[in-house]
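Visitor: Counting in our numbering, the sequence shown runs from 3 upward without gaps.
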Amino acid sequence: MNIKAMTLPEVTEAVKALGQPAFRGKQIYSWLHQGVRSYEEMTNIPKDLRARLAEKYPFTTPQVVRKQESKLDGTIKYLWKLSDGNCVETVLMRYHYGNTVCISTEVGCRMGCAFCASTLGGLVRRLEPEEMVDQVLFTQVDSGLPVSHIVLMGIGEPLDNFDNVMRFLELINSESGMNISMRHISLSTCGLVPKIDELAKRKLQLTLSVSLHAPSDEVRNTIMPVNKAYPTEELIEACRRYYAATNRRISFEYAMINGVNDTPAHAKLLLKRLKGLPAHMNLIPLNHVEESPLKPSTKAAVAAFQKILEDGGVSATVRRTLGGDIDASCGQLRRKYTKTEAAQ
Numbered sequence: 003m004n005i006k007a008m009t010l011p012e013v014t015e016a017v018k019a020l021g022q023p024a025f026r027g028k029q030i031y032s033w034l035h036q037g038v039r040s041y042e043e044m045t046n047i048p049k050d051l052r053a054r055l056a057e058k059y060p061f062t063t064p065q066v067v068r069k070q071e072s073k074l075d076g077t078i079k080y081l082w083k084l085s086d087g088n089c090v091e092t093v094l095m096r097y098h099y100g101n102t103v104c105i106s107t108e109v110g111c112r113m114g115c116a117f118c119a120s121t122l123g124g125l126v127r128r129l130e131p132e133e134m135v136d137q138v139l140f141t142q143v144d145s146g147l148p149v150s151h152i153v154l155m156g157i158g159e160p161l162d163n164f165d166n167v168m169r170f171l172e173l174i175n176s177e178s179g180m181n182i183s184m185r186h187i188s189l190s191t192c193g194l195v196p197k198i199d200e201l202a203k204r205k206l207q208l209t210l211s212v213s214l215h216a217p218s219d220e221v222r223n224t225i226m227p228v229n230k231a232y233p234t235e236e237l238i239e240a241c242r243r244y245y246a247a248t249n250r251r252i253s254f255e256y257a258m259i260n261g262v263n264d265t266p267a268h269a270k271l272l273l274k275r276l277k278g279l280p281a282h283m284n285l286i287p288l289n290h291v292e293e294s295p296l297k298p299s300t301k302a303a304v305a306a307f308q309k310i311l312e313d314g315g316v317s318a319t320v321r322r323t324l325g326g327d328i329d330a331s332c333g334q335l336r337r338k339y340t341k342t343e344a345a346q
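#1: Could you tell me if Gln-264 is buried or exposed, where buried requires 16 or more neighbouring beta carbons within 10 angstroms of its beta carbon?
#2: Does Gly-319 come out as helix, strand or coil in the three-state DSSP assignment?
#3: State the CB to CB distance for the pair Thr-191 and Pro-160, rounded to an integer number of angstroms; the pair is presumed to be in contact (CB under 8 Å).
#4: Measuring CA to CA, which of Thr-224, His-282 and Gln-36 is closest to Thr-141?
#5: Classify Gly-21: buried if its beta carbon has 16 or more other beta carbons within 10 angstroms, exposed otherwise.
#6: Between the Cα of Thr-9 and those of Glu-172, Val-291 and Gly-100, spot the shortest distance and give me the residue it belongs to.
#7: Tell me whether Ser-211 sits in a helix, a strand or coil according to DSSP, three-state version.
#8: What residues in its chain sit with their C-beta under 7 Å from that of Gly-195, if we drop five residues either side in the sequence?
#9: When the distance is taken between beta carbons, is Glu-177 closer than 8 Å to Val-212?
#10: If we ignore side chains and look at the alpha-carbon of each, how far apart do Arg-68 and Lys-274 end up?
#11: How long is the line joining the alpha carbons of Gln-65 and Leu-139, rounded to whole angstroms?
#12: Between Thr-300 and Asn-260, is the Cβ-Cβ spacing less than 8 Å?
#13: Buried or exposed for Asp-86, going by 16 or more other Cβ atoms inside 10 Å?
#14: Among all the DSSP beta bridges, which residues are the ones paired with Ser-190?
#15: Using only the alpha-carbon positions, how far apart do His-2 and Asn-229 sit?
#16: So what does DSSP say about His-151, is it helix, strand or coil?
#17: In whole angstroms, what separates the C-alpha of Met-367 from that of Ser-106?
#18: For Ser-299, which three-state DSSP category applies?
#19: Strictly by DSSP, which residues pair up with Leu-285?
#20: For the putative contact between Ser-188 and Thr-209, defined by C-beta atoms under 8 Å, what is the C-beta separation to the nearest angstrom?
#21: Please report the straight-line C-alpha distance between Ala-56 and Tyr-41, rounded to a whole angstrom.
#22: Enumerate in chain order the residues of its own chain whose CB-to-CB distance from Asp-136 is below 8 Å, with the five nearest sequence positions on each side excluded.
#23: Would Met-269 and Leu-311 qualify as a contact pair, given that the criterion is a beta-carbon distance under 8 Å?
#24: Within the continuous beta strand (DSSP E) that includes Asn-101, where are the two ends?
#25: How long is the line joining the alpha carbons of Lys-18 and His-151, rounded to whole angstroms?
#26: Can the beta-carbon of Glu-108 be found less than 8 Å from the beta-carbon of Ile-157?
#27: From this set, Asp-313, Ser-218, Gly-193 and Val-167, which residue's C-alpha is nearest Leu-206's C-alpha?
#28: Whole angstroms are fine: how far does the CA of Thr-14 sit from the CA of Phe-25?
#29: Could you give the DSSP three-state label for Cys-118: helix, strand or coil?
#30: Among Val-221, Ala-318, Pro-60 and Ser-294, which has the Cα closest to the Cα of Ala-305?
#31: Output the distance between the C-alpha atoms of Thr-323 and Leu-285, rounded to the nearest integer angstrom.
#32: Helix, strand or coil: how does DSSP classify Tyr-245 here?
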């Protein structure tokens, strides 16, 4: 196992196996979660131990390929190159309550949602736990801004990389690491029902965000292939089970697409679907993707949709658009870079 993917007890055991005292484990673990790029930076670790660790447990760190900062709101988007040459995106967003990092969980995505740039090239591979931690850690190091919140809403489907994501959550929540509270973490899924049930059993106090985007199978089938495996009603029932198990309110993501899912009839059907389920509806003006014919709803349509939901007793907000001048939409920067590299 990569040492950066080890928990504190695992690092401690690895160090003890090298004949070192247990306290060295905590020292090394702390350094790894401060953003060091080599063992040589671990100044309170004996030189001979650093050399042995480098030989037995080598590790790499991501490299910044591109960095774009919005002149509108200070949002920063990173394109990181991983050790195998693949690239992923991370976005740092500034809010009044703190700085939020949106991370990727896979290189590419196999879910095929019609409105998302991340899935256009398919799934390349799943990220390792340490590669997810590195996105948070080195975004904080490079920007100089402390990270207080995390959203797993970047490239990839988090629940399609379940075990690695669970290990990431354990690492990022560690008191000896970055110590980011589960209540400050949101995990987004397009609706993998068995994995939602598996997540519910763990009773984590994170926020589950479900990418719903349509109130019916008729509409959802046309924009989200996953719905053919786990239909709308089956997904909603899984959300009810999740709430019953965790007592955590579900957040639903709903991209507003002109003429597809944004009519008053759609809003009223959505109310029926969600009846009795404590939920928040996050209405998202659709981000433009060059390869997609889908267009964002008008402001009037979004406002009317929101009013119907709120009048029906469902909390609904319109997501503030951030980073509109820097390709902040998921997958856009990676795709542009990949296309440029392929052309050279």
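Ideal Cβ placement from N, Cα and C applies to all residues, glycine included.
Guide: In brief:
#1: At residue 264 the sequence reads Asp, which differs from the Gln that was named. With 16 or more Cβ atoms within 10 Å of its Cβ, Asp-264 is classed as buried.
#2: It should be noted that the sequence gives Thr, not Gly, for residue 319. Reduced to three states, the DSSP call for Thr-319 is strand.
#3: 6 Å
#4: Gln-36
#5: exposed
#6: Glu-172
#7: strand
#8: Before going further, note that residue 195 is Val rather than Gly in the sequence given. The residues are Tyr-232, Glu-236, Leu-237 and Ala-240.
#9: no
#10: 45 Å
#11: 12 Å
#12: yes
#13: exposed
#14: Ser-211
#15: Any answer about residue 2 is impossible in this case: the structure gives the chain only from 3 up to 346.
#16: strand
#17: Look at the range of the chain in this structure, 3 to 346, and you will see that residue 367 is not part of it.
#18: coil
#19: Tyr-256 and Val-320
#20: 4 Å
#21: 7 Å
#22: Lys-6, Thr-63, Pro-64 and Trp-82
#23: It should be noted that the sequence gives Ala, not Met, for residue 269. The answer is yes: Cβ separation under 8 Å.
#24: 100-104
#25: 34 Å
#26: yes
#27: Val-167
#28: 8 Å
#29: coil
#30: Ala-318
#31: 11 Å
#32: helix
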